[in-house]
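Under the numbering used here, think of the first position of the sequence shown as -7, with each following residue one higher. From the three backbone atoms N, C-alpha and C, an ideal C-beta is built for every residue, glycine too. Please read these numbers as outputs of a predicted model, since none were measured by experiment. For reference, the structure discussed in these notes is given below.
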Amino acid sequence: TTAKQWIREGRIGKVKLMQATIGWKADPVYNKRLFDPALGGGSLYDLGIYPLEVLPYLVDEKILDMDAFVARHSTGVDDLVSMNLQLESCIANLQCSFTTKMPEDAYIYGEDGYIRLPKMHFGSRAELYNSADECIDSFDSGEENGFVYEVAEVVRCIENGLLESPICPHQMTIDAARITSEVLHLR
């Protein structure tokens, strides 16, 4: 991705901090599944998984440690999650909720600037800022459906006889599942 390339090129210097929020107010009648523990409801599964997978991917680092706080809906599912992650060379904060409207953006802060990913779960836009808060580069694919990238990668892997994507290896998904499980078992 463009943001990952900017990080590799050192355009924001050494990454120190990543932040992401994603949340909106879901209608419990229309979005009944989100509120039902038997149907896999909760904000972390539906929303928090995006920054939980994207942030470590962007810096090519594993999550070493995690601390989290969970607010539960009356149905028992997580409706607000706040996580602090320790990666190999930086830290990350993420929050997700389906009962609180939040910006759906991610920020990657380096010593010399930062990257903003508007509507980060779409994966279609990136903005590069210098230390004077000036936007010095940007990318916009024009695509509004982030799943097209996942589908394209699956097709590419199938066409090339790959059982695992080098972009999103199995271990990345296993690591995110482990963290998700740890958070959801907090009381």
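So is residue i buried or exposed if we call it buried at 16+ other beta carbons inside 10 Å?
i, result
"residue 178", "exposed"
"residue 150", "exposed"
"residue 71", "buried"
"residue 1", "exposed"
"residue 162", "exposed"
"residue 117", "buried"
"residue 134", "exposed"
"residue 48", "buried"
"residue 147", "exposed"
"residue 173", "exposed"
"residue 153", "exposed"
"residue 166", "exposed"
Is any heavy atom in the ligand MN found nearer than 6 Å to the beta carbon of residue i?
i, result
"residue 18", "This structure does not include the ligand MN; it has no bound ligands of any sort."
Would you call the CB atoms of residue i and residue j closer than 7 Å?
i, j, result
"residue 77", "residue 41", "no"
"residue 50", "residue 128", "no"
"residue 82", "residue 175", "no"
"residue 86", "residue 43", "yes"
"residue 26", "residue 90", "yes"
"residue 130", "residue 145", "no"
"residue 88", "residue 120", "no"
"residue 104", "residue 4", "yes"
Could you give the C-beta distance for residue i and residue j, rounded to a whole number, given that I count them as a contact under 8 Å?
i, j, result
"residue 17", "residue 92", "7 Å"
"residue 136", "residue 114", "6 Å"
"residue 97", "residue 110", "5 Å"
"residue 33", "residue 69", "4 Å"
"residue 171", "residue 58", "6 Å"
"residue 53", "residue 80", "4 Å"
"residue 95", "residue -7", "Actually they are not in contact, since the Cβ atoms of residue 95 and residue -7 sit about 20 Å apart, beyond 8 Å."
State the beta-bridge partners of residue i as determined by DSSP.
i, result
"residue 62", "73"
"residue 79", "55"
"residue 91", "17"
- Task: Enumerate, from N- to C-terminal direction, the unbroken beta strand (DSSP E) stretches of 3 or more residues contained entirely within the region 112 to 147.
- Result: Runs of beta strand (DSSP E) with 3 or more residues, each lying fully within the region 112 to 147, are found at 117 to 122 and 127 to 132, listed in chain order.
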